[in-house]
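Engineer: If you count by the working numbering, then the sequence shown holds residues 1 to 583, one letter each, in order.
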Amino acid sequence: MRCLFFLLCFCLPCPAQIQGIGSGRQDQQQQQPSGSISGSVVDAAKGEPVAGATVTVQALGPGGMVSASADPAGQFSAANLKPGQYYVQANHQSYPGALGLPQAGLLVDVESGKATTGVVVKLTPAGTVSGRILSDDGEPLPDCGVFLSAAPIGTVPIRQNNYAQSNEDGEFRIAPVAPDRYLLAVRCSQALPVERLLDVVGPGGLEPGAGWQPIYYPDSPTAAGASTVNVVPGANVEVELRAKPQLVTTVTGVVIAPDGSPPADGYHVMLYPEESAADRGSNFGSAAAGKSGRFRIPMVPPGAYRFKAVPFRGGSQPAWYASQRITVGQTAPPPVTLQLQTSIALTGKVEEPPSEAAGNGQAAVRMRVGPMGGPSGQQPVRGSIMLSEAGPSQNLESHSTQVSAADGTFQLEGITPGRWRVQYQSYQRPAWIESMQYGDTLVEGDVIEIVQGSTGTLLLRTGTKAPEVHYELKGAPPQAKTYWMIQAVPADGGGPRGTSIIGVVVPGQPVQARPLGPGRYSFFAVEQGAGGGMINERVNELLRREVKPVELSAGQEQTVQIRCFPTDELLKIVANFVAGEAR
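1) Beta carbon of valine 120, beta carbon of valine 42: below 8 Å?
2) Once you ignore the five residues that flank arginine 132 on each side, which residues in its own chain have a CB closer than 6 Å to its CB?
3) Could you give the distance in angstroms between the alpha-carbon of glutamate 352 and the alpha-carbon of glutamate 541?
4) Nearest to valine 447 by alpha carbon, out of Thr455, Tyr438, Arg545 and Ser454?
5) Around the C-beta of glycine 408, are 16 or more other C-beta atoms found within 10 angstroms, so that it is buried, or is it exposed?
6) Should valine 451 go down as buried or exposed, given a rule of 16 or more other Cβ atoms within 10 Å for buried?
7) When the Cα of glutamate 449 is compared with those of Thr155, Gly225, Val146 and Arg421, which residue comes out closest?
8) Hey, could you find the ends of the alpha helix (DSSP H) asparagine 540 is sitting in?
9) DSSP three-state label for aspartate 109, please.
10) Give the straight-line distance between the Cα atoms of alanine 191 and arginine 296, rounded to the nearest whole angstrom.
11) Tell me the DSSP secondary structure of asparagine 588 in three-state form.
12) Note the first and the last residue of the continuous beta strand (DSSP E) segment covering isoleucine 158.
13) Do the CB positions of glycine 552 and phenylalanine 524 come within less than 8 Å of each other?
14) Which runs of the beta strand (DSSP E), 3 residues or longer, sit entirely within the segment 502 to 536?
15) Report yes or no: do the segment 111 to 119 and the segment 222 to 229 share at least 3 C-beta pairs separated by less than 8 Å?
16) Within 10 angstroms of its Cβ, does asparagine 91 collect 16 or more other Cβ (buried), or is it exposed?
17) Helix, strand or coil, according to DSSP, for lysine 114 in the structure here?
18) In the DSSP assignment, what residue or residues form a beta bridge with aspartate 137?
19) How close, in whole Å, do the beta carbons of leucine 340 and proline 258 come, if the pair is a contact with beta carbons under 8 Å?
20) From the DSSP output, in three-state form, read off asparagine 576 for me.
21) To which residues of the same chain is proline 102 closer than 6 Å at the C-beta, ignoring the five residues directly before and after it?
22) Exposed or buried, what is threonine 482 when buried is set at 16 or more other beta-carbons lying within 10 Å of its beta-carbon?
23) Between Pro233, Thr250, Val251 and Val186, which has its C-alpha nearest serine 220's C-alpha?
24) Where does proline 273 fall in DSSP's three states?
25) For alanine 466, which residues in the same chain have their Cβ closer than 6 Å to its Cβ, ignoring the five residues on either side in sequence?
26) In three-state DSSP terms, what is arginine 563?
27) Would you list the residues sitting across from threonine 337 in a DSSP beta bridge?
28) On the three-state DSSP scale, how would you describe glycine 290?
29) Name the residue from Cys144, Gly266, Tyr182 and Val237 whose alpha carbon lies nearest to the alpha carbon of glycine 211.
30) Can you give the Cα-Cα distance for glycine 503 and isoleucine 562, rounded to whole angstroms?
31) For phenylalanine 312, tell me which candidate among Pro263, Pro179 and Arg306 has the shortest Cα-Cα distance.
32) Identify every run of the beta strand (DSSP E) within the segment 17 to 95, keeping only runs that are complete inside it and at least 3 residues long; order them along the chain.
33) Are the beta-carbon atoms of proline 179 and valine 578 separated by less than 8 Å?
34) Report the residue from Pro510, Ser398 and Tyr427 whose alpha carbon sits nearest the alpha carbon of arginine 419.
35) Determine the closest residue to alanine 575 out of Ala513, Ala98 and Asn536, with distance taken between C-alpha atoms.
36) In the DSSP assignment, find the beta strand (DSSP E) that holds proline 490 and state where it starts and stops.
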């Protein structure tokens, strides 16, 4: 199977360490008179000063970092700087960077005993999203929740970024909004009047019988039919959304222990639409079931749903859970009984090649472990296993545990039935999952299916013969003075999410990169300012599509050409994406 997870066996240099690379002139520089940098921070679109911006002045060589604050006129200064090159960058809470990136900076030379003046640091402005929420007949709807979430890119999940509430005129405004593509969703929780004939009035009054459909811009009731809202720098995107009425009902029920008695602790009951049950942000309702076990979720429209009940944090029965499906029609369903079940304890073992097994002279990492509030001790561990719910969006749940260095065994408690992605992290040496077996079944890929009553063990066989890879940069400016962060992203979208940093390239120094396990990767390098940060999982996904994947084979020597993305090119790709370029 493809590489799932790989542990660095050496530490990549951090910016502070990078400063020390090639610092043979440090003593000479310390003896030279210092210099200074001064200038202004301005809005890149209007040219107006940005008061209160924080300016970071980071040395590319020895010299450290200093920060300054822009005054009301946007002016800043940094003194007592050693001669050399500095990366000057500004940030301000009203100027979030596109796609979550920091604002771009610039390189400034400082000469001995001289003041470098007139430095202009530009901040790209954010945008705003505003509009009105109306009923289907044009009446304003107050107190509606407006959710602005960064649109998914490939396998990168949806994450809510901003929230606002409509006022009495149905108006809302969200600012500042980082340049990006977004999904805009609206939920109005008000109940609508409906005709009530011979309805029984309960102790809490009449249950709501109608409400407003959720709206995804421009006019879809689900995210699947939504269009993106593209927020370019400095733009104010105005929208008008109209809500349509729909029938709703109230779902009630009770949570009971496996023996039928009320649970000893309170439980959190969540209701998810079946079509998007893997998305944490899409739960349609939730309720707290106290020690009586009873719960009530109002304003539920017709549809297919999945219940999930989990104990409150700190409960005494974390090994109990409940999961159940329900179909809701136009009338209230009978009260639901969620009977708790004992969760699954998944046992397993990590097997290494015989020549690499523990006891061959490799020292095991000793981790301090111990019960909460109790004495801690030191146990040798080989690595860690992590299970996370497999799905197209955010994980609902994850579990991790340590792997014994003595025999490679592990046990994960509190697992519920479902599809789980398996990841292994070695603490002792470069290693990856070469094959995986669950019970009697050889697993293809990195996902296992766990059902209630499962008793099979999970066997992971690791490989340690890493491909011998030599890296060559392609397209790096010959006079580049900043450093490059090398990325290796699994080409099939599998493996752990997030960035996959494997090394750095410092001007004048050899490529420093960790080895990788076998698999198909998209390789590229991103120019970094002295403070780093010019990469994240959304940007990774965009750049991954710009290069051809490379297949690495175990134990084979090969050369990989890495395409370099200078900051200007990276920002152009991001700007084109924000503006709506097809990807």
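Where is the CB? At the ideal position from N, CA and C, for every residue including glycine.
Predicted model only: the values in this text are computed from it and were never measured.
Structural biologist: Let's see:
1) Translated into the one-based positions of the sequence shown, residue 120 becomes position 120. Translated into the one-based positions of the sequence shown, residue 42 becomes position 42. Taking 8 Å as the Cβ cut-off, valine 120 and valine 42 qualify as a contacting pair.
2) Indexing the sequence shown from 1 puts residue 132 at position 132. Once the five neighbours on either side are set aside, the close Cβ partners of arginine 132 are Gly170, Glu171 and Glu240.
3) In the sequence shown, residue 352 corresponds to position 352, counting from 1. In the sequence shown, residue 541 corresponds to position 541, counting from 1. Distance between the alpha carbons of glutamate 352 and glutamate 541: 32 Å.
4) What you label residue 447 is simply residue 447 of the sequence shown in a count that begins at 1. Comparing Cα positions, the closest option is Tyr438.
5) Within the sequence shown, residue 408 is the residue found at index 408, counting from 1. Buried, since its Cβ has 16 or more Cβ neighbours within 10 Å.
6) For the purposes of this step, residue 451 is taken as the residue at position 451 of the sequence shown. Exposed, because fewer than 16 other Cβ atoms sit within 10 Å of the Cβ of valine 451.
7) As a working mapping, residue 449 is identified with position 449 in the sequence shown. Selected option, being the one with the closest Cα: Arg421.
8) Indexing the sequence shown from 1 puts residue 540 at position 540. From DSSP, the alpha helix (DSSP H) with asparagine 540 extends over 537 to 544.
9) For the purposes of this step, residue 109 is taken as the residue at position 109 of the sequence shown. Aspartate 109 falls in the strand class under three-state DSSP.
10) The residue you call residue 191 lines up with position 191 of the sequence shown. The residue you call residue 296 lines up with position 296 of the sequence shown. Their backbone Cα atoms lie some 16 Å apart in a straight line.
11) No statement about residue 588 is possible, as the shown extent of the chain runs from 1 to 583 and does not include it.
12) Start at 1 with the first residue of the sequence shown, and residue 158 comes out as number 158. That residue, isoleucine 158, is in no beta strand (DSSP E); it is neither H nor E in DSSP.
13) On the sequence shown, residue 552 is found 552 positions in, with the first residue counted as 1. On the sequence shown, residue 524 is found 524 positions in, with the first residue counted as 1. Here residue 552 turns out to be leucine, not glycine, going by the sequence shown. No, they are not a contact pair.
14) 519 to 528
15) no
16) Position 91 of the sequence shown, counted from the first residue, corresponds to residue 91. Buried, because 16 or more other Cβ atoms sit within 10 Å of the Cβ of asparagine 91.
17) Position 114 of the sequence shown, counted from the start, is the residue given in the question as residue 114. In the structure shown, lysine 114 sits in coil (DSSP, three-state: anything other than H, G, I, E or B).
18) The residue you call residue 137 lines up with position 137 of the sequence shown. Bridge partners of aspartate 137: none, in fact.
19) Against the sequence shown, residue 340 aligns to sequence position 340. Against the sequence shown, residue 258 aligns to sequence position 258. About 6 Å; that satisfies the 8 Å criterion.
20) Mapped onto the sequence shown, residue 576 falls at position 576. DSSP places asparagine 576 in helix when its eight states are reduced to three.
21) For the purposes of this step, residue 102 is identified with residue 102 of the sequence shown, where counting begins at 1. Taken in chain order, the residues that qualify are Gly533.
22) In the sequence shown, the residue the question calls residue 482 occupies position 482. Flag for threonine 482 reads buried.
23) In the sequence shown, residue 220 corresponds to position 220, counting from 1. Closest option to serine 220, Cα to Cα, is Val186.
24) Here residue 273 refers to the residue found at position 273 of the sequence shown. Note: proline 273 maps to strand in three-state DSSP.
25) On the sequence shown, position 466 is the one that residue 466 refers to. Correct list, in chain order: Pro430 and Pro515.
26) The residue labelled residue 563 in the question sits at position 563 within the sequence shown. In this structure, arginine 563 counts as strand in the three-state DSSP scheme.
27) Within the sequence shown, numbered from 1, the residue matching residue 337 stands at position 337. Bridge partners of threonine 337: Val254.
28) Taking the first residue of the sequence shown as 1, we reach residue 290 at position 290. Three-state result, glycine 290: coil.
29) Position 211 of the sequence shown, counted from the start, is the residue given in the question as residue 211. Ranking the options by Cα distance to glycine 211, first place goes to Cys144.
30) For the purposes of this step, residue 503 is taken as the residue at position 503 of the sequence shown. For the purposes of this step, residue 562 is taken as the residue at position 562 of the sequence shown. About 12 Å.
31) Taking the first residue of the sequence shown as 1, we reach residue 312 at position 312. When only C-alpha atoms are compared, the closest one is Pro263.
32) 35 to 43, 54 to 59, 65 to 69, 75 to 81 and 84 to 91
33) In the sequence shown, counting from the first residue as 1, residue 179 sits at position 179. In the sequence shown, counting from the first residue as 1, residue 578 sits at position 578. Yes, they are a contact pair.
34) Taking the sequence shown and counting its residues from 1, the one referred to as residue 419 is at position 419. Nearest of Pro510, Ser398 and Tyr427 to arginine 419, Cα basis: Ser398.
35) The count along the sequence shown starts at 1 and reaches residue 575 at position 575. The residue with the shortest Cα to Cα distance from alanine 575 is Ala98.
36) Locating residue 490 in the sequence shown gives position 490, where the first residue counts as 1. Looking at the DSSP string, the run of the beta strand (DSSP E) that includes proline 490 is 483 to 490.
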